[in-house]
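Q:
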Amino acid sequence: MRRRRFVAWGLGVAAIAAGCGTGHVTGGAGAGRRAEFSINPGGRRWDRVGQAFAGAARTSGYETGTGTRITVTGLPALAAAELNNAETLLDTATPLSRLAGDVEVVVVPANSRFKDFADFGAHLLARPGQTPLAGGPEGAPDHLLFGLIAKGLGADTRQVDYTGYPSSQEAMIALLSGKASAAAGLLPDWRGSIGQGRVRALAVSSAVRVPDFDVPTLLESGVRVDFADWTAAFGPDDMPEESRASAIRMCEDVTGSPGWRAACRAAGWISIPLSGDDFARWLGSEVERTRAVLRDLGLVDATKATTCWGSCGNGH
Numbered sequence: 004m005r006r007r008r009f010v011a012w013g014l015g016v017a018a019i020a021a022g023c024g025t026g027h028v029t030g031g032a033g034a035g036r037r038a039e040f041s042i043n044p045g046g047r048r049w050d051r052v053g054q055a056f057a058g059a060a061r062t063s064g065y066e067t068g069t070g071t072r073i074t075v076t077g078l079p080a081l082a083a084a085e086l087n088n089a090e091t092l093l094d095t096a097t098p099l100s101r102l103a104g105d106v107e108v109v110v111v112p113a114n115s116r117f118k119d120f121a122d123f124g125a126h127l128l129a130r131p132g133q134t135p136l137a138g139g140p141e142g143a144p145d146h147l148l149f150g151l152i153a154k155g156l157g158a159d160t161r162q163v164d165y166t167g168y169p170s171s172q173e174a175m176i177a178l179l180s181g182k183a184s185a186a187a188g189l190l191p192d193w194r195g196s197i198g199q200g201r202v203r204a205l206a207v208s209s210a211v212r213v214p215d216f217d218v219p220t221l222l223e224s225g226v227r228v229d230f231a232d233w234t235a236a237f238g239p240d241d242m243p244e245e246s247r248a249s250a251i252r253m254c255e256d257v258t259g260s261p262g263w264r265a266a267c268r269a270a271g272w273i274s275i276p277l278s279g280d281d282f283a284r285w286l287g288s289e290v291e292r293t294r295a296v297l298r299d300l301g302l303v304d305a306t307k308a309t310t311c312w313g314s315c316g317n318g319h
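Under this note's numbering, the residues of the sequence shown are numbered 4 to 319, in order.
1) Going by DSSP in three states, Leu222 sits in which element: helix, strand or coil?
2) Return the Cβ separation of Gly138 and Gly104 in integer angstroms, given the expectation that the two are a contact with Cβ distance under 8 Å.
3) Whole angstroms are fine: how far does the CA of Asp256 sit from the CA of Gly301?
4) At which residues does the alpha helix (DSSP H) containing Gly287 begin and terminate?
5) Just confirm the distance between the C-beta atoms of Leu205 and Phe120, as a whole number of angstroms; I'd bet it's less than 8 Å.
6) Going by other Cβ atoms of all chains shown within 10 Å of its Cβ, with 16 needed for buried, is Asp192 buried or exposed?
7) Among all the DSSP beta bridges, which residues are the ones paired with Ile42?
8) Go to Trp233, then tell me how far its beta strand (DSSP E) extends in each direction, as first and last residue.
9) Under the rule that 16 or more other beta-carbon atoms within 10 Å means buried, what is Asp304, buried or exposed?
10) Inspect the beta-carbon positions of Gly287 and Leu93 and report whether they are closer than 8 Å.
11) Could you pull the start and end residues of the alpha helix (DSSP H) that Glu107 belongs to?
12) In the DSSP assignment, find the alpha helix (DSSP H) that holds Thr62 and state where it starts and stops.
13) Pair every Cβ in the stretch 69-82 with every Cβ in the stretch 40-51, then say whether three or more of these pairs are closer than 8 Å.
14) Going along the chain, which unbroken runs of the beta strand (DSSP E) with 3 or more residues stay wholly within the stretch 136-181?
15) Does DSSP classify Leu102 as helix, strand or coil?
16) Spell out a yes or no on whether the stretch 117-136 and the stretch 173-187 are touching, meaning 3 or more CB-CB pairs, one atom from each, closer than 8 Å.
17) If you draw a straight line from the C-alpha of Val106 to the C-alpha of Ala295, how long is it?
18) Given Gly132, which residues of its chain have a CB within under 7 Å of its CB, disregarding the five upstream and five downstream residues?
19) Helix, strand or coil, according to DSSP, for Asp304 in the structure here?
20) Would you identify the three-state DSSP class for Gly124, choosing helix, strand or coil?
21) Out of Asp280, Leu151, Thr97 and Gly259, point me to the one whose CA is closest to Ser274's CA.
22) Taking the beta strand (DSSP E) that Val2 belongs to, which residues open and close that run?
23) With a threshold of 16 other CB atoms inside 10 Å of the CB of Val211, please say whether the residue is buried or exposed.
24) Helix, strand or coil: which one does DSSP assign to Ser260?
25) Spell out the partners DSSP gives Gly198 in its beta bridges.
26) With DSSP as the reference, label Thr95 as helix, strand or coil.
27) Evaluate Asp229 with the Cβ neighbour count: other Cβ atoms within 10 Å of its Cβ, from every protein chain shown; 16 or more gives buried, anything less gives exposed.
28) Which of the three DSSP states is assigned to Pro79 in this structure?
Quick look at the structure:
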């Protein structure tokens with residue numbers, strides 16, 4: 004398996020542990036404000052969603068300049084912690100609410116011999132080491148998705164031939180130059196090339212089809228994978244219960260608001276709200292799924308201990 008190491012992309016865990024983000028989001032005071040929250044992206048990659056969340060919070064009547072610290076981060080930070088054998092988001096932060104997700108797409112060159120996902124899947128199953136794949140950095144969501152696809156097909160995941168690139172543009176160059184047979188990435192990053200006819204989309208990672216995008220889901224294609232590059236809101240690890248309850252209420256108000264739904268539509272995100280204990284339990288299962296696929300890909304130690312999340316934690 005060809006490898007190119009990139010682990011510096013996961014900044015969210017450190018940002019939460021340090022109690023600060025890389026891009027503080029502020030808002031002015033106004034009449035009728037309720038609770039106050041300091042909403043911070045956990046790294047540059049979450050600036051846009053953090054700003055959208057803070058804007059929707061202000062529209063919903065919350066002050067976002069000061070107050071209880073909320074950090075917006077997501078799946079890449081979780082995976083980076085696993086790759087670096089660091090503490091996970093469940094160790095360093097208080098889970099509050101899942102917010103939104105980016106749909107991933109599997110693409111091939113326009114002239115690819117793979118006419119559909121079935122063709123691609125059959126080749127990956129039979130010859131995983133001879134089906135070069137491309138996407139974002141090793142261990143990042145694109146790589147995780149291909150690992151899940153290979154596992155879902157029943158392929159030898161350790162043989163998956165994946166090369167990670169720092170950007171979707173570089174992954175596209177590799178795909179169009181013949182260095183890769185297929186690539187995965189965020190749908191918004193590939194929409195232009197798909198529309199221009201340079202590449203063809205074989206499947207999307209969401210459970211349901213993307214509106215106005217006539218491409219089947221992985222589930223429709225026979226692979227039991229529902230996947231999104233998700234973002235979520237977290238509080239500090241030592242968050243008092245009263246503050247946690249107030250922050251969860253804020254998240255529920257915001258993710259249920261018309262302003263948040265409009266922001267998601269404009270950005271091409273899927274709104275996937277889940278809060279409180281339900282989110283903490285889901286996050287525990289997501290930690291285990293991420294750890295398992297990284298282990299299957301040979302990126303983390305297979306002997307790494309499994310931790311009990313959700314039902315036996317510290318109450319978060």
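Cβ atoms here follow ideal geometry from the backbone N, Cα and C, with glycine treated the same way.
A: Here's the rundown:
1) Walking along the sequence shown from the start, residue 222 turns up at place 219. Three-state result, Leu222: coil.
2) Walking along the sequence shown from the start, residue 138 turns up at place 135. Walking along the sequence shown from the start, residue 104 turns up at place 101. Rounded, the Cβ-Cβ distance is 17 Å, inconsistent with contact.
3) Walking along the sequence shown from the start, residue 301 turns up at place 298. Walking along the sequence shown from the start, residue 256 turns up at place 253. C-alpha separation (whole angstroms): 41 Å.
4) Your numbering for residue 287 matches position 284 in the sequence shown. Element bounds for Gly287: Gly279 to Asp299.
5) Within the sequence shown, numbered from 1, the residue matching residue 205 stands at position 202. Within the sequence shown, numbered from 1, the residue matching residue 120 stands at position 117. Contact flag correct, Cβ pair sits at about 4 Å.
6) The residue given as residue 192 occupies position 189 in the sequence shown. Buried, by the Cβ-count rule.
7) Within the sequence shown, numbered from 1, the residue matching residue 42 stands at position 39. The partner list for Ile42 (beta bridge, DSSP) reads Ile73.
8) Here residue 233 refers to the residue found at position 230 when the sequence shown is read from its first residue. Per DSSP, Trp233 belongs to the beta strand (DSSP E) from Asp232 to Pro239.
9) Taking the first residue of the sequence shown as position 1, residue 304 is located at position 301. When all chains shown are included, Asp304 counts as exposed.
10) The count along the sequence shown starts at 1 and reaches residue 287 at position 284. The count along the sequence shown starts at 1 and reaches residue 93 at position 90. Contact: yes.
11) By one-based count along the sequence shown, residue 107 stands at place 104. Run containing Glu107: none in the alpha helix (DSSP H); it sits in the beta strand (DSSP E), Glu107 to Pro112.
12) In the sequence shown, the residue the question calls residue 62 occupies position 59. Thr62 -> alpha helix (DSSP H) spans Asp50 to Thr62.
13) yes
14) 136-138 and 165-167
15) Translated into the one-based positions of the sequence shown, residue 102 becomes position 99. Strand.
16) yes
17) Residue numbering aside, residue 106 sits at position 103 when the sequence shown is read from its first letter. Residue numbering aside, residue 295 sits at position 292 when the sequence shown is read from its first letter. Rounded to whole angstroms, Val106 to Ala295 spans 21 Å at the Cα level.
18) What you label residue 132 is simply residue 129 of the sequence shown in a count that begins at 1. Result list for Gly132: Gln162 and Asp164, in chain order.
19) Taking the sequence shown and counting its residues from 1, one reaches residue 304 at position 301. Asp304: coil per DSSP, three-state reduction.
20) The sequence position of residue 124 within the sequence shown is 121, counting from 1. Residue state, collapsed to three classes: helix.
21) On the sequence shown, position 271 is the one that residue 274 refers to. Of Asp280, Leu151, Thr97 and Gly259, the residue nearest in Cα terms is Gly259.
22) The chain is shown only over 4 to 319; residue 2 falls outside these bounds and no answer can be derived.
23) Here residue 211 refers to the residue found at position 208 when the sequence shown is read from its first residue. The residue in question, Val211, is exposed, as its Cβ has fewer than 16 Cβ neighbours within 10 Å.
24) If you number the sequence shown from 1, residue 260 lands on position 257. Here Ser260 sits in coil by DSSP.
25) Residue mapping note: residue 198 aligns to position 195 of the sequence shown, counting from 1. DSSP output for Gly198 lists no bridge partner at all.
26) Here residue 95 refers to the residue found at position 92 of the sequence shown. If DSSP states are grouped into helix, strand and coil, Thr95 belongs with the helices.
27) Residue mapping note: residue 229 aligns to position 226 of the sequence shown, counting from 1. Counting Cβ neighbours within 10 Å, Asp229 comes out exposed, since fewer than 16 surround it.
28) Within the sequence shown, numbered from 1, the residue matching residue 79 stands at position 76. Reduced to three states, the DSSP call for Pro79 is helix.
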